[in-house]
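One structure below.
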Amino acid sequence: MTTPHHLTPAAGPVRLEVTPESAGWTHLAQRIVALEPGGTHRWLAGDREAALIPLSGAMTVRAGGLEVRLERASVFTAMPTLVYVPPRTELTVTADTAAEFSLGSAPAEGRHPVRVVEPGEMRNEIRGGGGARRQVVHVLAPPLPAERLICYEVYVPRGSWSGWPPHCHDGRDGSPYLEETYLFRCDPPSGFALHRNWRDEESFDEVFAAADGDLVLVTRGYHSSAAAPGSHVWFLNYLAGELIDAERATPPCFHADHTWIVDDWDAGSWELPVVTAAG
């Protein structure tokens with residue numbers, strides 16, 4: 000079921016779409032496009048920069064004199080090759096096989112040229128520990144250049160959490176203002192992820208069960224996600240807001256009740272059984 004902050008895929012080439020108008024925010028837009036072999040999708044950047052990320056299949060991308068063939072069997076088998084598209088540039092994607100891609104965009108002035116970002120340029124790290132150990136690929140994050148856009152891909156083992164400690168970037172509690180989307184994939188696809196957005200001091204608390212292919216919006220508040228025990232989870236984040244160029248490295252604000260864990264991810268871990276008949 001689609002709700003304003005939890006979108007499910009639709010039929011047709013454009014499976015999912017978020018605009019500033021539909022989201023009720025200012026900067027970030029995203030669409031997920033699925034093409035049959037030989038199909039074409041065109042997009043005119045206008046006054047926006049964009050980041051194209053292949054999700055599956057093979058496709059030829061043309062933009063601003065650039066022509067590149069992208070191929071990715073699955074988000075679970077390979078890192079992406081990203082195409083950055085500056086404002087006032089026409090983008091054309093032609094599917095060489097059945098193909099799917101994500102296109103995120105944000106307002107920009109045109110300070111950076113069209114370019115390809117290869118996997119070897121992307122920072123690739125393991126974060127957290129214990130029940131919140133995950134892999135984070137900095138697909139388009141500083142020092143990789145863009146004006147407003149930030150992109151991450153995150154791999155969460157089944158039964159684990161991501162975005163822990165919970166964090167916010169809604170311009171409150173000293174945080175920067177960034178809008179964000181989460182596109183979820185599950186392996187196997189029958190699984191799901193749980194995602195929560197909330198603020199303790201007000202009546203705002205959203206919890207979504209996101210199936211394979213669903214998209215969740217982070218419009219405000221602290222947030223974190225978890226993979227159900229039956230599936231590994233991958234998600235793609237686009238972020239955009241008030242941070243420009245190198246300012247995009249500004250960290251979020253972490254929830255003070257939960258930051259203790261970063262000093263020792265295994266502190267206080269249980270060993271089962273916790274209790275027995277013998278006491």
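Last residue of the sequence shown? That's 278 in numbering that gives the first Met the number 0, and every number before it is there in order. Backbone N, C-alpha and C define an ideal beta-carbon position, used for all residues, glycine too.
- Taking 8 Å as the cut-off, the Cβ atoms of A28 and V17 count as close.
- In terms of Cβ geometry, L43 and G103 do not form a close pair [threshold 8 Å].
- Inter-residue distance for A192 and V116 is about 29 Å (C-alpha atoms, whole angstroms).
- Relative to the Cα of E70, the nearest Cα in the group E89, T96 and L214 belongs to T96.
- Around the CB of F207, 16 or more other CB atoms lie within 10 Å, so the residue is classed as buried.
- Of A50, Y237 and R68, the smallest CA-CA separation from Y83 is found for A50.
- Distance from the CA atom of T249 to the CA atom of V274, rounded to whole angstroms, is 45 Å.
- When the Cα atoms are used, P112 and P85 turn out to be separated by approximately 6 Å.
- Per the coordinates, the alpha-carbon of V74 lies some 7 Å from the alpha-carbon of S55.
- Under the DSSP assignment, E48 falls in the beta strand (DSSP E) whose first and last residues are R47 to A62.
- Here DSSP, grouped into helix, strand and coil, assigns S73 to coil.
- Exposed is the label assigned to L271, since fewer than 16 other Cβ atoms lie within 10 Å of its Cβ.
- Here the alpha carbon of R47 sits roughly 46 Å from the alpha carbon of A266.
- About 14 Å separates the beta carbon of G11 from that of A94, a gap too long to meet the 8 Å contact definition.
- A72 and E179 have their C-alpha atoms spaced approximately 26 Å apart.
- Counting the other CB atoms within 10 Å of its CB gives N196 a total of 16 or more, which places it among the buried residues.
- In this structure N236 is buried. Its beta-carbon is surrounded by 16 or more other beta-carbon atoms within 10 angstroms.
- Counting along the chain, E124 sits inside the beta strand (DSSP E) bounded by residues R122 to R126.
- Segment contact: the stretch 149 to 158 against the stretch 209 to 216, fewer than three CB-CB distances shorter than 8 Å; contact not assigned.
- In this structure, the beta-carbon distance from H231 to V155 falls below 8 Å.
- Sixteen is the threshold: when 16 or more other Cβ atoms of the shown chains lie within 10 Å of the Cβ of D169, as they do, the residue is buried.
- Less than 8 Å separates the beta-carbon of T91 from that of R61.
- The stretch 173 to 248 is shown to contain whole beta strand (DSSP E) runs of 3 or more residues at 177 to 186, 191 to 198, 203 to 210, 214 to 217, 221 to 226 and 231 to 240, in chain order.
- When secondary structure is reduced to three states using DSSP, P142 falls in the coil class, being assigned neither helix nor strand.
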